[in-house]
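Chemist: If you scroll down you'll find the structure; I have some questions about it.
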Amino acid sequence: MAQTPTYVVVGPQEHGVTRHALALAGAGDAVVRRLPAHPTVDALLAAADGAGAVHLHLTDHLLAGSPAAAADLVEALADRCRTTLTLHDVPQPAEGAERYARRARAYGRMRRAAAVCVVASEHEREALERCGDSDTPIEVVPLPVERSVHRPAGASAETPFAVAVLGFVYPGKGHLDVLAAMRDLPAEVGLDVLGAPSPGHDGLLDELAAGAAEQGRRLRVTGYVDDADLAGELTRPVVPVLAHRHASASGSAATWIGHGRRPVALDGGYARELAARYPWAVTVVDDLAAGMAAALSGEVSTWIDPGDGRTAVVDTAEAARLEALAVGERALA
Numbered sequence: 013m014a015q016t017p018t019y020v021v022v023g024p025q026e027h028g029v030t031r032h033a034l035a036l037a038g039a040g041d042a043v044v045r046r047l048p049a050h051p052t053v054d055a056l057l058a059a060a061d062g063a064g065a066v067h068l069h070l071t072d073h074l075l076a077g078s079p080a081a082a083a084d085l086v087e088a089l090a091d092r093c094r095t096t097l098t099l100h101d102v103p104q105p106a107e108g109a110e111r112y113a114r115r116a117r118a119y120g121r122m123r124r125a126a127a128v129c130v131v132a133s134e135h136e137r138e139a140l141e142r143c144g145d146s147d148t149p150i151e152v153v154p155l156p157v158e159r160s161v162h163r164p165a166g167a168s169a170e171t172p173f174a175v176a177v178l179g180f181v182y183p184g185k186g187h188l189d190v191l192a193a194m195r196d197l198p199a200e201v202g203l204d205v206l207g208a209p210s211p212g213h214d215g216l217l218d219e220l221a222a223g224a225a226e227q228g229r230r231l232r233v234t235g236y237v238d239d240a241d242l243a244g245e246l247t248r249p250v251v252p253v254l255a256h257r258h259a260s261a262s263g264s265a266a267t268w269i270g271h272g273r274r275p276v277a278l279d280g281g282y283a284r285e286l287a288a289r290y291p292w293a294v295t296v297v298d299d300l301a302a303g304m305a306a307a308l309s310g311e312v313s314t315w316i317d318p319g320d321g322r323t324a325v326v327d328t329a330e331a332a333r334l335e336a337l338a339v340g341e342r343a344l345a
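Listed below in structure tokens is the structure:
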């Protein structure tokens, strides 16, 4: 019988990768050992002490201060015990040649060190395969969608008064692209930024404020949204938008869908994959301005029809089961 590996979970509670790892570990009754972001090699090895196998969810920047340093840590851990990984934010060429080269080398090293790698989409699987040759198998476990029961009566009939982008604010997430695409929308349509800036990117809020002021448009920045406030924010009469320039998977998409919303998603590999998996849950557009205008006018609904019989999703329990199947046996092989 396969044994669940010990989950070494890195990072602050509010980080999406950390929350995801804790949720799957909890659903699978795994032993969890917590570490802050950027642990030392000694701290990482101490967390793995006594474990026959370790599973680690990570991005390079969550685990260490540089991609190469993240790979160093994973290799040290894999030298100590059997190590499996769930890799997030897999590098893509759209990041820029220099950044992509650094990160791709590191992700290739991490894959080679691991017994098994898990990613959240076929798009990520293909991206990880481009990071270098390796015999390490790659398994796909979709990001879970947790259904919220919170849906205000009549909410879907209300006219949207804002466009909303959920998640941390950082370059490439798409906030500036959304604002630029709003230029021809009525000035009374505001932009809601539902999240806080990632470390080092506070300046993006200044750029958004300047751009919104130039358009005569209201800008609302909530900062990090606590769980207690999340449902209220996501069920307001807004147009949810996914505009990440090079998303390979999206926790924000899963969160919108879980709250009954059908976001407008800028066309891309992952957006198309998401639409193929849940065609009732996302509207993929190649013209963001036109897509937002259609949603604001009611031509396109941003609400999932609760009566649609096709709305089965991979929830946390199922994702935990799939991850356990992916890593459990090989971790102790």
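The sequence shown begins at 13 in my numbering and counts up by one.
Backbone N, C-alpha and C fix where the C-beta goes; we use that ideal spot for every residue, glycine too.
In this text the structure is predicted, and so the values were computed from the model without any measurement.
Give a yes or no on whether the minimum CB-CB distance between ALA90 and chain D is below 8 Å.
Modeler: Given the protein chain composition of this structure (a single chain), no chain D is represented.
Chemist: State the CB to CB distance for the pair LEU75 and VAL20, rounded to an integer number of angstroms; the pair is presumed to be in contact (CB under 8 Å).
Modeler: That belief does not hold up - the Cβ atoms of LEU75 and VAL20 are roughly 10 Å apart, past 8 Å.
Chemist: What whole-angstrom Cβ distance do VAL157 and ASP327 have, given they're in contact under 8 Å?
Modeler: 6 Å
Chemist: Kindly list the residues whose CB is nearer than 6 Å to the CB of TYR112, restricted to its own chain and excluding five residues on each side of it in sequence; keep chain order.
Modeler: PRO103, PRO105
Chemist: Looking at ALA208: is its Cβ nearer than 8 Å to the Cβ of VAL175?
Modeler: no
Chemist: Report the CB separation of ARG232 from VAL205 in whole angstroms; it is logged as a contact under 8 Å.
Modeler: Right, their Cβ atoms sit about 7 Å apart.
Chemist: Give me the Cβ distance between THR98 and LEU178, rounded to the nearest whole Å; I'm assuming they're in contact under 8 Å.
Modeler: At roughly 22 Å, the Cβ-Cβ gap does not stay under 8 Å, so THR98 and LEU178 are not in contact.
Chemist: Can you tell me whether GLY108 is buried or exposed? The criterion is at least 16 other CB atoms within 10 Å of its CB, across all chains shown.
Modeler: exposed
Chemist: Can you determine whether any heavy atom of the ligand NAD sits closer than 7 Å to the C-beta of ASP204, and answer yes or no?
Modeler: Of ligands this structure carries none, so the ligand NAD is not represented either.
Chemist: Please report the residue range of the beta strand (DSSP E) in which VAL251 lies.
Modeler: Its beta strand (DSSP E) spans residues 250-254.
Chemist: With DSSP as the reference, identify every bridge partner of ILE150, one or two as the case may be.
Modeler: ILE150 is bridged by DSSP to CYS129.
Chemist: When we look at the beta-carbon of TYR282 and count the other beta-carbons within 10 Å, is it buried (16 or more) or exposed?
Modeler: Burial call: buried.
Chemist: Using a threshold of 8 Å, state whether the C-beta atoms of ALA59 and THR95 are closer than that.
Modeler: ALA59 places its beta carbon 8 Å or farther from that of THR95.
Chemist: Could you check whether the region 17-36 touches the region 66-75, counting it as contact only if at least three pairs of C-beta atoms, one from each stretch, sit closer than 8 Å?
Modeler: yes
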